[in-house]
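Just below is one structure, and these are the notes that go with it.
Protein chains: 2
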Amino acid sequence: MAVTIKDVSKDAVVSIKTVSRVINNEANVAEATKKKVLASVKKLGFKPNKSAQSLRSKKSYMLALLYDNPNKSYLADVQSGIFNACKNTGYNLVIQECDYKSNKLKTDIIKFVEDFKIDGLIVTPPLSDMEDFLKELEDHQVDYSIIAPSTMNPESLYVSSNDYEAAYALTSEIIKHGHKDIGFIKGHPKHSASHMRFNGYLDAIKNHGIKRNDQWIKQGNFSFKSGFDAGVDIFHSAKIPTAIFASNDSMAAGIMKSAQMKGMQVPQDLSLAGFDDSPIAHQIWPALTTVKQPVEKMAAHAAKILIARFDGLAEKTKSKEFKSELIVRESLKSL
Amino acid sequence: MAVTIKDVSKDAVVSIKTVSRVINNEANVAEATKKKVLASVKKLGFKPNKSAQSLRSKKSYMLALLYDNPNKSYLADVQSGIFNACKNTGYNLVIQECDYKSNKLKTDIIKFVEDFKIDGLIVTPPLSDMEDFLKELEDHQVDYSIIAPSTMNPESLYVSSNDYEAAYALTSEIIKHGHKDIGFIKGHPKHSASHMRFNGYLDAIKNHGIKRNDQWIKQGNFSFKSGFDAGVDIFHSAKIPTAIFASNDSMAAGIMKSAQMKGMQVPQDLSLAGFDDSPIAHQIWPALTTVKQPVEKMAAHAAKILIARFDGLAEKTKSKEFKSELIVRESLKSL
DNA sequence: CACCCCATTGATATCGTTGTCAAAGAACAT
DNA sequence: ATGTTCTTTGACAACGATATCAATGGGGTG
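Sequence lines, in order, name chains V and E. So that you can map any letter, position 249 of the first sequence is 248 in numbering that gives the first Met the number 0, and since no number is skipped, the others follow by simple counting. So that you can map any letter, position 49 of the second sequence is 48 in numbering that gives the first Met the number 0, and since no number is skipped, the others follow by simple counting.
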């Protein structure tokens with residue numbers, strides 16, 4: 000017993016097509032007619048039938064979120080942002096996990112998009128850093144928007160964050176607290192964010208006249224375990240740094256665990272900083288000094304620019320860089 | 000240029016309707032015909048058009064996951080399980096956050112189901128514990144399956160876990176380690192799991208001849224902060240327990256934080272146990288003794304029984320109780 | 001006034017399925 | 001052989017929207 004266009008057209012005494020014009024905001028509808036139709040729509044509580052729309056218009060009104068293996072809280076925030084952006088737009092979200100290492104990745108995703116008639120993709124790291132993958136999407140005319148792109152192509156749709164500046168600022172903050180021996184744990188090498196954060200760190204120590212010590216710079220992959228292992232490694236060194244900046248909070252937590260197992264106290268014996276402000280940052284003690292990105296807002300914006308493009312409103316909603324916020328907590332001690 | 004039923008029907012030299020019969024597994028199709036059609040389907044790579052199917056059949060092929068505010072890692076596991084169960088079934092998942100305290104909850108959800116023509120709901124705590132809400136769904140003939148129901152109605156579809164037994168076992172394990180003074184932090188009062196876990200704890204100490212001490216039994220709500228506050232509270236007591244069992248890991252982590260801030264060492268000065276085996280359980284040090292539920296499997300099963308009902312295979316896939324597993328880690332010390 | 005143009009509107013076909021119903025043929029009983 | 005029932009099949013309508021294209025009418029121009 001759902002209300003259909005036909006019911007509305009009868010109520011407003013116009014043709015079915017005219018109602019369709021109004022609800023799709025098409026041009027060339029007299030103002031009076033439009034008003035009349037909208038009144039009927041509201042009165043009857045009409046909602047267009049998705050299936051019929053998509054059958055006829057060949058659009059699915061579905062966006063897909065592509066991800067490979069990020070941490071769960073990041074994924075949850077991204078999802079939540081996209082859902083909010085989709086609300087009342089008529090678009091829906093499906094979520095698709097994939098394996099960035101698979102050599103079938105490109106064909107799998109193209110097949111996925113075609114099978115489900117996905118209108119657009121939202122791409123997260125590390126897929127967002129794979130140039131050949133993005134090129135494949137373009138070759139198949141698949142629309143997409145990128146969260147955290149490695150290069151900010153003005154042609155493409157993306158949302159980015161100022162990771163370099165944030166890492167620079169955080170490192171400077173550590174230095175301001177009197178530290179000179181500062182270790183660094185790199186993130187997953189395939190994520191461009193890893194390099195931006197690392198460069199921010201490098202430039203900050205350099206500009207403060209601190210020499211880099213590669214004994215204290217370890218490769219991680221954003222996982223708790225990689226942080227733990229890096230910690231074990233560093234604590235075997237002859238000289239131990241007074242502070243360590245890990246490229247994300249999970250790894251910082253890993254370092255904290257390895258420090259505590261060695262009998263070291265944070266921040267008395269070692270200061271620590273992370274990145275992301277994930278839940279774990281304040282669920283351990285001492286709570287982590289870190290950088291908070293507006294992940295939810297970024298994801299929402301990524302969805303919005305994609306939808307704006309579909310609806311022909313690309314002028315109004317554009318790619319954008321978001322600012323991160325420094326959060327200083329107990330894990331950082333003044334020397 | 001997608002392949003349609005028409006193409007298949009030409010290739011197999013049968014009518015469109017017969018192809019439809021085959022792909023929907025309807026009765027009364029000759030074996031030979033069926034084989035012929037399936038061969039053509041495979042040869043042409045035919046996939047039915049979802050929009051057309053759902054337009055005509057009035058089904059959306061969409062399930063919705065209803066949740067209010069659980070922790071992110073639980074939600075991620077649930078989602079992941081459902082996605083896996085949906086794969087290759089033709090069903091899709093949409094996720095709907097809601098507010099269990101809202102007095103518009105019931106009408107909102109009914110509206111949501113009707114607007115989106117959702118075929119079935121998967122209901123998580125604490126919504127799964129609201130009898131009147133579930134009744135409303137039944138009154139509106141909305142199909143649903145419950146994760147962690149408060150009462151196991153054999154008529155309804157649900158997946159449950161043996162929280163009572165697990166809490167009993169975990170408490171017994173703590174006692175076996177020599178503890179007699181054991182505190183308990185209750186979970187969110189609206190979650191039936193909270194009561195099951197609490198009862199398991201109560202019965203275990205009782206059966207081991209230990210008297211309950213209400214100074215050490217605090218109300219929490221599953222959040223990190225509520226655990227932290229409960230810890231602060233308990234550590235103000237004249238006498239402090241030698242072990243605390245928190246109804247979930249977040250609260251256990253909160254207690255650990257409050258203990259460490261008081262200068263107490265875990266497990267030297269205080270043993271701790273949690274519940275759920277969430278990521279935080281092994282990202283803090285010492286790692287938490289806890290109970291692991293097969294959340295992903297449970298969620299997958301919840302989706303499966305719902306889909307089985309739609310496909311008329313209810314006999315094969317039924318409601319089920321899942322067993323949890325005790326995980327003993329460093330946070331528990333022998334006295 | 002005749003003409004054309006453009007804005008507005010509607011009749012009808014169409015998207016790719018499933019539902020209805022009737023027809024054809026096989027199988028069985030009389 | 002005839003009638004009856006059951007299995008198998010197909011022709012055609014229908015789901016609820018959008019697309020195409022033609023019709024209508026008001027306004028401007030010469």
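Where a beta carbon is used, it is the ideal one built from N, C-alpha and C, also for glycine.
Residue i versus residue j: straight-line alpha-carbon distance, rounded
{"i": "Q292 (chain E)", "j": "S277 (chain E)", "result": "10 Å"}
{"i": "T289 (chain E)", "j": "R55 (chain V)", "result": "53 Å"}
{"i": "T406 (chain E)", "j": "N83 (chain V)", "result": "Missing from the structure shown is residue 406 (chain E); chain E here goes from 0 to 334 and no further."}
{"i": "N91 (chain V)", "j": "A165 (chain E)", "result": "39 Å"}
{"i": "R215 (chain E)", "j": "S333 (chain V)", "result": "The question names Arg, yet the displayed sequence has Trp at residue 215 (chain E). Each residue's Cα considered, the two are about 37 Å apart."}
{"i": "L271 (chain V)", "j": "P124 (chain E)", "result": "37 Å"}
{"i": "S19 (chain V)", "j": "V7 (chain V)", "result": "10 Å"}
{"i": "P153 (chain V)", "j": "L126 (chain V)", "result": "19 Å"}
{"i": "F234 (chain V)", "j": "A286 (chain E)", "result": "20 Å"}
{"i": "L43 (chain E)", "j": "M250 (chain V)", "result": "49 Å"}
{"i": "E320 (chain V)", "j": "N161 (chain V)", "result": "7 Å"}
{"i": "G119 (chain V)", "j": "H300 (chain V)", "result": "14 Å"}
{"i": "G80 (chain E)", "j": "S171 (chain E)", "result": "31 Å"}
{"i": "K5 (chain E)", "j": "L305 (chain V)", "result": "34 Å"}
{"i": "G262 (chain V)", "j": "D131 (chain V)", "result": "47 Å"}
{"i": "Y60 (chain V)", "j": "F309 (chain V)", "result": "10 Å"}
{"i": "K16 (chain E)", "j": "N23 (chain E)", "result": "10 Å"}
{"i": "Q52 (chain E)", "j": "I243 (chain E)", "result": "55 Å"}
{"i": "L169 (chain V)", "j": "L325 (chain V)", "result": "7 Å"}
{"i": "Q259 (chain E)", "j": "L331 (chain V)", "result": "17 Å"}
{"i": "H178 (chain V)", "j": "I209 (chain V)", "result": "10 Å"}
{"i": "E25 (chain E)", "j": "T32 (chain E)", "result": "13 Å"}
{"i": "D180 (chain E)", "j": "R211 (chain E)", "result": "9 Å"}
{"i": "S50 (chain V)", "j": "P47 (chain E)", "result": "13 Å"}
{"i": "D275 (chain E)", "j": "A229 (chain V)", "result": "28 Å"}
Own chain residues within Cβ distance below 6 Å of residue i, not counting five before or after
{"i": "S318 (chain E)", "result": "L156, Y157"}
{"i": "Q218 (chain V)", "result": "K185"}
{"i": "D268 (chain E)", "result": "none"}
{"i": "I145 (chain E)", "result": "V122, S127, Y157"}
{"i": "K35 (chain V)", "result": "A11"}
{"i": "L136 (chain E)", "result": "Y143"}
Contact set for residue i: own chain, Cβ-Cβ below 7 Å, skip 5 residues either direction
{"i": "S193 (chain E)", "result": "K185, G186, H187, S246"}
{"i": "E307 (chain E)", "result": "According to the sequence provided, residue 307 (chain E) is Ala. The question's Glu does not apply to it. A313, K315, T316."}
{"i": "D202 (chain V)", "result": "Y167"}
Interface partners of residue i on chain V, CB under 7 Å
{"i": "V36 (chain E)", "result": "The premise fails here: V36 (chain E) is roughly 20 Å from chain V at the closest Cβ pair, so nothing lies under 7 Å."}
{"i": "A252 (chain E)", "result": "Q282"}
Neighbour-count burial assignment, residue i, 16 or more Cβ in a 10 Å radius
{"i": "S14 (chain V)", "result": "exposed"}
{"i": "Q264 (chain V)", "result": "exposed"}
{"i": "M297 (chain E)", "result": "buried"}
{"i": "M195 (chain V)", "result": "buried"}
{"i": "A237 (chain E)", "result": "exposed"}
{"i": "Q140 (chain V)", "result": "exposed"}
{"i": "T241 (chain V)", "result": "buried"}
{"i": "N206 (chain V)", "result": "exposed"}
{"i": "A1 (chain E)", "result": "exposed"}
{"i": "K256 (chain V)", "result": "buried"}
{"i": "K322 (chain V)", "result": "exposed"}
{"i": "N27 (chain E)", "result": "exposed"}
{"i": "D138 (chain V)", "result": "exposed"}
{"i": "D213 (chain E)", "result": "exposed"}
8 Å CB neighbourhood of residue i in its chain, flanking five on each side removed
{"i": "F111 (chain E)", "result": "A63, Q95, I117"}
{"i": "I283 (chain V)", "result": "A252, M255"}
Proximal chain V residues relative to residue i, where beta-carbon distance stays under 8 Å
{"i": "L54 (chain E)", "result": "N48, S50, A51, L54"}
{"i": "N91 (chain E)", "result": "V93"}
{"i": "W284 (chain E)", "result": "M255, K256, Q259, M260"}
{"i": "S249 (chain E)", "result": "Q282"}
{"i": "D114 (chain E)", "result": "K46"}
Interface residues of chain E facing residue i [CB-CB closer than 9 Å]
{"i": "F234 (chain V)", "result": "Under the 9 Å cutoff, chain E gives no residues; its nearest Cβ is about 14 Å from F234 (chain V)."}
{"i": "K185 (chain V)", "result": "Per Cβ cutoff of 9 Å: no residues; K185 (chain V) is ~19 Å from chain E at best."}
Chain E residues whose Cβ lies nearer than 7 Å to that of residue i
{"i": "A75 (chain V)", "result": "K71, L74, A75"}
{"i": "I279 (chain V)", "result": "I279, Q282"}
Contacts that residue i makes with chain E (C-beta to C-beta distance below 8 Å)
{"i": "F82 (chain V)", "result": "I94, E96"}
Contacts that residue i makes with chain V (C-beta to C-beta distance below 9 Å)
{"i": "F223 (chain E)", "result": "P278, H281, Q282"}
Check whether the stretch 58 to 68 of chain E touches the stretch 89 to 99 of chain E, counting contact only when three or more Cβ pairs, one atom from each stretch, lie closer than 8 Å.
yes
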